[in-house]
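Please read the structure below before turning to the comments.
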Amino acid sequence: MQPLCHYDEKSALLQFKESFIINNCDEDTGHVIGLDLSSSCLYGSINSNSSLFRLVHLQSLNLAHNHFNYSQIPSQVGNLSRLTYLNLSSSVFSGEIPFEVSKLSQLSSLDMGGNFDLSSERYLLQLTELSLTSLVGNLTHIENLDVSGVSIISMVPNIFANLSTLRSLYLHDCGMYGEFPIGIFMLPNLRVLDVKYNKNLTGSLPDFEYWRSPLEEMIFADTSFSGEIPASMGNPGSLIALSIRGCNFSGSIPYSIGNLTNLIYLELSNNSLAGNIPSSIGNFIQLAFLGLYDNQLNGPIPFGLANLTQLIVLSLGSN
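Going by the UniProt record's numbering, the first residue of the sequence shown is number 1, and it counts up by one from there.
Right under this line is the structure:
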């Protein structure tokens with residue numbers, strides 16, 4: 001810092017520097033193992049020779065919610081081979097995701113979602129030279145993966161069905177297409193599955209009869225998923241959010257859906273669902289949002305809707 005800076009302004013900058021959460025050091029070795037610079041008003045690119053990449057003992061790096069001015073993610077991030085947590089979300093990174101990210105084999109959480117340009121209304125990151133299969137192939141410990149809004153434009157690789165540690169998977173608005181691998185539903189630890197806004201992604205809901213799914217959120221809005229809602233839909237009792245809005249589902253709403261008593265959000269609008277609204281819908285005592293708009297439903301509105309005292313949004317029109 002130059003000595004010509006006003007004392008009060010220099011002091012303010014030093015206080016700002018001290019506000020960075022960089023005091024996460026290993027008690028035994030003294031190495032810096034955690035660096036949280038999220039929402040720190042950082043602007044500009046990260047140079048390839050940045051001192052950041054000398055912190056080779058880092059296990060956690062959070063750069064989310066800054067403005068890196070459309071720069072690329074530096075390939076030198078691959079030097080931080082001990083990382084288990086990497087968050088580059090909503091930070092105006094652009095261009096190709098470097099191959100070196102795939103070398104971070106210890107990662108349990110990788111978030112690169114939300115790198116969006118408001119002025120052009122487009123997402124900025126791409127995964128074209130490095131395939132999605134190559135990206136996750138070495139991430140055998142991954143628990144949370146968010147590449148939402150990354151331009152991938154590929155099929156969802158079957159390798160995801162082998163990621164037994166996976167707890168949350170965000171692939172929304174990535175240009176995914178083709179048949180969604182049914183095996184992903186069977187992952188033993190998966191809690192959140194969000195693939196919305198992939199209009200060319202096809203698939204169907206699995207039969208939940210033969211296993212107890214831990215899924216809490218299933219978000220398929222604005223995809224080309226189709227078929228019928230299975231009669232066993234009421235089995236994943238931990239489900240709190242289900243959205244199939246704007247898909248191609250037909251048939252009736254199964255009575256068993258009323259077994260999902262933990263539901264807070266249920267969005268079935270813009271499909272071709274027919275028949276009565278099941279009376280079991282009155283079991284959703286925690287439900288805040290119910291969307292049945294633009295289907296082919298008929299018959300009486302169930303009296304049980306009066307039991308939904310937590311309901312904020314109810315959409316039944318165009319039936």
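For glycine and all other residues, C-beta sits at the position ideal for the given N, C-alpha and C.
For L104, which residues from the same chain have a beta carbon less than 6 Å from its beta carbon, with the 5 sequence-adjacent residues on both sides left out?
In the sequence shown, residue 104 corresponds to position 104, counting from 1. The answer, listed in chain order, is L83.
Let me know if P236 comes out buried or exposed under the rule of 16 or more other beta-carbons within 10 Å of its beta-carbon.
For the purposes of this step, residue 236 is taken as residue 236 along the sequence shown, with counting starting at 1. Looking at its Cβ environment, which holds 16 or more other Cβ atoms inside 10 Å, P236 is buried.
Minimum length 3: unbroken beta strand (DSSP E) runs contained in the region 79-165:
85-87, 109-111 and 144-146
Are the beta-carbon atoms of G282 and L305 separated by less than 9 Å?
As a working note, residue 282 is residue 282 in the sequence shown. As a working note, residue 305 is residue 305 in the sequence shown. Cβ atoms of G282 and L305: closer than 9 Å.
How should S39 be labelled, buried or exposed, when 16 other C-beta atoms within 10 angstroms of its C-beta is the threshold for buried?
Here the question's residue 39 lines up with position 39 in the sequence shown. So S39 counts as exposed.
Going by DSSP, name the residue or residues bridged to E228.
As a working note, residue 228 is residue 228 in the sequence shown. DSSP output for E228 lists S250 as bridge partner(s).
Can you tell me where the beta strand (DSSP E) holding M218 begins and where it ends?
Taking the sequence shown and counting its residues from 1, one reaches residue 218 at position 218. E217 to I219 is the extent of the beta strand (DSSP E) around M218.
Can you say whether Q296 is buried or exposed, counting buried as having 16 or more other CB atoms within 10 angstroms of its CB?
Indexing the sequence shown from 1 puts residue 296 at position 296. Burial call: exposed.
Just tell me which of S238, N248, P300 and L263 has its CA closest to the CA of S204.
Within the sequence shown, numbered from 1, the residue matching residue 204 stands at position 204. If we check each option's Cα against that of S204, N248 comes out closest.
Cβ-Cβ distance between T202 and G178 below 9 Å:
Counting from 1 along the sequence shown, the entry for residue 202 is found at position 202. Counting from 1 along the sequence shown, the entry for residue 178 is found at position 178. For T202 and G178, yes; Cβs fall inside 9 Å.
Which residues does DSSP list as the beta-bridge partners of H67?
Residue mapping note: residue 67 aligns to position 67 of the sequence shown, counting from 1. Y43, per the DSSP bridge assignment.
Return the bridge partner residues of S168 from the DSSP annotation.
Taking the first residue of the sequence shown as position 1, residue 168 is located at position 168. DSSP output for S168 lists N144 and V192 as bridge partner(s).
CA nearest to the CA of I152, picked from T128, H172 and V92
Translated into the one-based positions of the sequence shown, residue 152 becomes position 152. Checking every option, the nearest Cα to that of I152 belongs to T128.
Quick test of your reading: G291 and N276, contact by CB under 8 Å. State the CB separation rounded to the nearest angstrom.
Within the sequence shown, residue 291 is the residue found at index 291, counting from 1. Within the sequence shown, residue 276 is the residue found at index 276, counting from 1. At roughly 17 Å, the Cβ-Cβ gap does not stay under 8 Å, so G291 and N276 are not in contact.
I'd like to know whether the C-beta atoms of L107 and Y123 end up nearer to each other than 9 Å.
Along the sequence shown, read from residue 1 onward, the residue named residue 107 stands at position 107. Along the sequence shown, read from residue 1 onward, the residue named residue 123 stands at position 123. Going by C-beta atoms, L107 is not nearer than 9 Å to Y123.
Is DSSP giving N62 helix, strand or coil here?
Translated into positions along the sequence shown, residue 62 becomes position 62. Reduced to three states, the DSSP call for N62 is strand.
Contact check, I253 vs P230, beta carbons under 9 Å
One-based indexing of the sequence shown puts residue 253 at position 253. One-based indexing of the sequence shown puts residue 230 at position 230. Not a contact, by the Cβ cut-off of 9 Å.
Spatial neighbours of L314 in its chain, beta-carbon cut-off 7 Å, leaving aside the 5 residues before and after:
Numbered from its first residue, the sequence shown carries residue 314 at position 314. Excluding positions up to five away in sequence, the list reads L290.
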